[in-house]
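First up is the structure itself, then whatever we jot down about it.
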Amino acid sequence: MRQDLRDLFKEEREKKHRLKAGHETRFEDRLTRAFPKRKRSPLRIWGIAASVIVLLGLGGVFFQQTSDTDPDKTVELSGEGVQEQAQGISLGDVSPDLKKVETYYVTSINMELADLELSSENKVVVDDFMSRIGELNKEYMALNQELNEVGPNEQTIAALIRNLQLRLQLLLKLKEKLHQLKSSENETVTTNNA
1038 MRQDLRDLFK EEREKKHRLK AGHETRFEDR LTRAFPKRKR SPLRIWGIAA SVIVLLGLGG
1098 VFFQQTSDTD PDKTVELSGE GVQEQAQGIS LGDVSPDLKK VETYYVTSIN MELADLELSS
1158 ENKVVVDDFM SRIGELNKEY MALNQELNEV GPNEQTIAAL IRNLQLRLQL LLKLKEKLHQ
1218 LKSSENETVT TNNA
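With my numbering applied, the sequence shown corresponds to residues 1038 to 1231, in that order.
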């Protein structure tokens, strides 16, 4: 019983296992019956082609819309009306993060401007604040010009962001001041009626 393991393996290798005749062909036939070749239906091919055409069409429309807008023009709102000003790069062109920051502040500023309630009683206060905002806007344009001439640097970018922050803070102060004026007018009217 004590056989050497090497001898056992050697004997096993010498024995060749032979398959019965025709076994391989029978196995292949079974495989083809179990997994028949799929035929591609023309409907599926047409569906894929239609999807590709739709995607290409949407891409073309998107490209056309983005190329119609001129990224080198900004619209500046001044007392006389709307002016277009051609410029090179802006704060948003430096990096995607700065684009988000610029978009946030510009959108917030525009929202606050749209929410202002103008009346003859608060005209003087609004004009005073708007002149300050106009000065900040001129500063912003000068900083933007510096950004184009010198190139992006940390100080110019920080100054541009700070300018946007100051404009938004100024608008919020204006809104608060208008609210205080309105409250004091309401108190005066209530006191006079009593």
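Glycine included, each C-beta is placed from N, C-alpha and C at the ideal position.
Around the CB of residue 1177, 16 or more other CB atoms lie within 10 Å, so the residue is classed as buried.
When rounded, the separation of the alpha-carbon atoms in residue 1072 and residue 1047 is 40 angstroms. Three or more Cβ pairs closer than 8 angstroms define a contact, and the stretch 1149 to 1169 falls short of that threshold against the stretch 1183 to 1192. Judged by DSSP in its simplified three-state form, residue 1041 adopts coil rather than helix or strand.
In this structure, residue 1162 lies near residue 1214, with their beta-carbon atoms less than 7 angstroms apart.
Here residue 1196 has 1180 as same chain residues with Cβ atoms under 8 angstroms from its own Cβ, once five neighbours each way along the sequence are excluded. Between residue 1173 and the set 1100, 1202, 1125, the nearest pair of CA atoms involves 1202. Counting other Cβ atoms within 10 Å of its Cβ, residue 1141 stays below 16 and is therefore classed as exposed.
The beta carbon of residue 1166 sits closer than 8 angstroms to the beta carbons of 1207, 1208, 1210, 1211, 1214 from its chain, once the five residues preceding and following it are set aside; these are given in chain order.
By the neighbour-count definition (other C-beta atoms within 10 Å, threshold 16), residue 1204 is a buried residue.
Taking a 10 Å sphere around the C-beta of residue 1223, we find fewer than 16 other C-beta atoms and assign the residue as exposed.
In this structure, the beta-carbon distance from residue 1129 to residue 1139 falls below 7 angstroms. In the three-state scheme derived from DSSP, where H, G and I count as helix and E and B as strand, residue 1151 is classed as helix. In the DSSP assignment, residue 1071 falls within the alpha helix (DSSP H) that extends over 1060 to 1071.
At a Cβ-Cβ threshold of 7 angstroms, residue 1189 and residue 1131 count as neighbours.
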